[in-house]
Amino acid sequence: MIVQSDSSEPGTILRVRGPLEFKCQLDSTVGSHIQKVISRTFETLRSRVKSESLVFTVCDSPVVVWPNRGKQETLYASPEEITPNTLCKDLQQWIKTDEQESSSKKNAKSKSKKIPTASVINLHLMMEVTKPGPLPALTLNRTVQKHHFLRTTLPMDCVVHTTCNDTIGVACERLLEELLHQLCEMEKVSLQHMKGTTLQVPEPLHFLLPESKGLVTVVYPAGVPDSQLEAHRKELHQRFELPEDRPYFRRANVYRFPNETYRDGYLRNPHLAVTHPSLENGKLYLVQGIYSYHHYMQDRMDDNGWGCAYRSLQTICSWFQQQGYTERPVPTHKEIQQALVDVGDKQGSFVGSRQWIGSIEVQAVLNQLLSVTSKIMFVSQGSELASKGRELANHFITEGTPVMIGGGVLAHTILGVAWSETTGQIRYLILDPHYTGSEDLQVITDKGWCGWKGPDFWDQTAYYNLCLPQRPKTI
């Protein structure tokens, strides 16, 4: 496991990835022999990482770095302008981006809104195959012997966080240390989860921990599910002084780097692109973690006019999925309707209908499908919502889950509140499921489909029910 500096500090994350080929011959299937051979093979790999043949290439750039080749054990790089004393942040000028390919594209992209992300420089791990000088003569040996041959590819993936003043020389030293350490962790995992002569491929994963603990890299066996790693996760929680009632090290909690996109097409956390209001002595209380924005007309489903609560429920379910509380996919409208039939809340004819649901039904579905309990806040008229700042603030502090609010024929998702305890002023961060357009962050934030609303946003005379999902106590 590798602990990195707080990635929220100014600076750049350097991430190096690449394959290392693991191969060894087993002349016996005796456990002690297998362990010795595997350990010897990992030691050989660590020697290769220390050798002059190790190469880092900066992705989308002409920059090549040999971290172990140079005078006085310093690196050698190309182009020649790059020296060990070059600042890491200066590597950015060598990287070719999509915006640089076309000035028109650059102008268009400069106008579009993006969610703020950390600066990441990606490097590729490579090994030089040939060495300077004449090639040695080939020697052929033929033996007749039965043996097992183990061969796999180790997916090396290391990150370090650099400050504005860190040089490439210092950063490469740290990357080398992390690569060597990761190989040690991979060796431990491989030996621990070895089944006969079958090697479980070790898988490095990055997690961004709360309370400024920064990025942490953990090596898991790729073929072992999360359900069988609970004891290991408890050990990690104790080591990093994390509460044992929330999942931080499940695979669903893996940190997403800025260049990694989600394949499902949904926007994540659009509220991060919204400017927060300023209230006198006010504080922000926001949703914790990651969710997907679900709204009308997605998934080839025409639910315009009746599916807003379904979409709000889907956003909530996505939150529990992406925080690692469940591996169940976000439910469809029919699956939501079937769940309500299964609990006896609706008749069978409800499935496939276009009937509305409200906060009480959302509570029932969360319990039925995800085993998630919820509190219901009853508000007899919309004007009372202005006085619910303390309750909502407490919810986002303790639970941090999206809140579904339903009243009349409308449903919305509350992602946070800005509230002043001294003046009573309040603003609500609303995610509106009634949006029918494409996944355009600029439109969604500029047009207020995700944005801050005042107390007058609600019908002052209508009653509202708020569903406040509670976090399961699990690791």
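Under full-length UniProt numbering, the first residue of the sequence shown carries the number 1, and numbering increases by one thereafter. Just so it is clear, CB atoms sit at the ideal spot from N, CA and C, and this is done for glycine as well.
Query raised in the report: Hey, methionine 127 and serine 53: beta-carbon distance below 7 Å or not?
Result: yes
Requested in this report: Could you check what DSSP says for glutamate 173 in three-state terms: helix, strand or coil?
Outcome: helix
Query raised in the report: For the region 366-375 against the region 311-320, are there 3 or more C-beta pairs whose distance is under 8 Å?
Result: yes
Report task. Below 6 Å CB to CB, which residues in the same chain sit around leucine 45 once its five sequence neighbours on both sides are set aside? Result -> Leu20 and Leu183
Query raised in the report: Taking the C-alpha atoms as reference points, what is the distance between aspartate 27 and histidine 33?
Result: 8 Å
**Report entry** Proximity of aspartate 157 and proline 204 at Cβ, strictly below 7 Å
**Finding:** yes
Query - Separation of leucine 75 from tryptophan 66, as counted between CA atoms - result: 6 Å
Requested in this report: Output yes or no for whether 7 Å exceeds the beta carbon distance between valine 63 and phenylalanine 257.
Outcome: no
**Report entry** For tryptophan 319, the first and last residue of its enclosing alpha helix (DSSP H)
**Finding:** 308-322
Query raised in the report: Is the distance from the Cβ of glycine 382 to the Cβ of alanine 462 below 7 Å?
Result: yes
Query raised in the report: For threonine 372, which three-state DSSP category applies?
Result: Residue identity differs from the one stated: residue 372 is valine in this sequence, not threonine. DSSP places valine 372 in coil when its eight states are reduced to three.
Query - Extent of the continuous alpha helix (DSSP H) run through glutamine 45 - result: This sequence places leucine at residue 45; glutamine is not what is there. Run containing leucine 45: 31-50, per the alpha helix (DSSP H) assignment.
Requested in this report: Tell me, please, whether the region 250-264 touches the region 220-235 by the rule of three or more beta-carbon pairs shorter than 8 Å.
Outcome: yes
Query raised in the report: Taking all protein chains shown into account, do 16 or more other C-beta atoms lie within 10 angstroms of the C-beta of arginine 40, making it buried, or fewer, making it exposed?
Result: exposed
Query raised in the report: Residues bridged to methionine 156 by DSSP?
Result: Gly18
**Report entry** leucine 14 versus glutamate 178: straight-line alpha-carbon distance, rounded
**Finding:** 12 Å
Query raised in the report: Smallest Cα separation from leucine 154: which of Lys195, Arg174 and Met186?
Result: Met186
Report task. Indicate the three-state DSSP secondary structure (helix, strand or coil) for proline 221 in the structure shown. Result -> strand
Query raised in the report: Should residue 480 and leucine 279 be called a contact, given that it needs their Cβ atoms to be closer than 7 Å?
Result: No answer is possible for residue 480: it lies beyond the span of the chain, which begins at 1 and ends at 475.
Query raised in the report: Between the Cα of serine 349 and the Cα atoms of Ile357, Gln338 and Ser359, which residue gives the shortest distance?
Result: Gln338
Requested in this report: Indicate the three-state DSSP secondary structure (helix, strand or coil) for proline 472 in the structure shown.
Outcome: coil
Query raised in the report: How long is the line joining the alpha carbons of methionine 377 and glycine 406, rounded to whole angstroms?
Result: 11 Å
Query raised in the report: Considering only residues of the region 330-381, which uninterrupted beta strand (DSSP E) runs meet the minimum length of 3 residues and lie entirely inside it, listed in chain order?
Result: 374-379
Requested in this report: Could you give the DSSP three-state label for serine 190: helix, strand or coil?
Outcome: helix
Query raised in the report: Rounded to the nearest angstrom, how far is the Cβ of residue 490 from that of histidine 161, given a contact under 8 Å?
Result: Residue 490 lies beyond the range of the chain shown here (1 to 475); nothing can be said about it.
Query raised in the report: Applying the criterion that 16 or more other CB atoms from any shown protein chain within 10 Å of the CB defines a buried residue, is glutamine 323 buried or exposed?
Result: buried
Query raised in the report: Where are the alpha helix (DSSP H) runs, 4 residues long or more, that stay fully inside the region 388-416, in chain order?
Result: 389-398
Report task. Indicate the three-state DSSP secondary structure (helix, strand or coil) for residue 476 in the structure shown. Result -> Residue 476 lies beyond the stretch modelled for the chain, which goes from 1 to 475, so this question has no answer here.
**Report entry** CA-to-CA distance, isoleucine 414 to aspartate 456, given in whole angstroms
**Finding:** 15 Å
Query raised in the report: Hey, how far is the Cα of tryptophan 458 from the Cα of isoleucine 357?
Result: 19 Å
Query raised in the report: Between the C-alpha atoms of serine 102 and proline 433, what's the straight-line distance to the nearest angstrom?
Result: Residue placement at serine 102 is poorly supported in this model, since its pLDDT is 45, which falls under 50; the coordinates are not used for a value here.
Query raised in the report: Which of the three DSSP states, helix, strand or coil, is assigned to proline 202?
Result: strand
Query raised in the report: Roughly how many angstroms separate the alpha carbons of cysteine 450 and leucine 466, rounded to a whole number?
Result: 18 Å
Report task. Tell me whether leucine 284 sits in a helix, a strand or coil according to DSSP, three-state version. Result -> strand
Report task. Could you work out which residue in Gly437, Asp245, Ile82 and Thr198 is closest to aspartate 303 when comparing CA atoms only? Result -> Gly437
Requested in this report: Reducing DSSP to helix, strand and coil, say where residue 484 ends up.
Outcome: A question about residue 484 goes unanswered here, because the residues of the chain that appear run from 1 up to 475.
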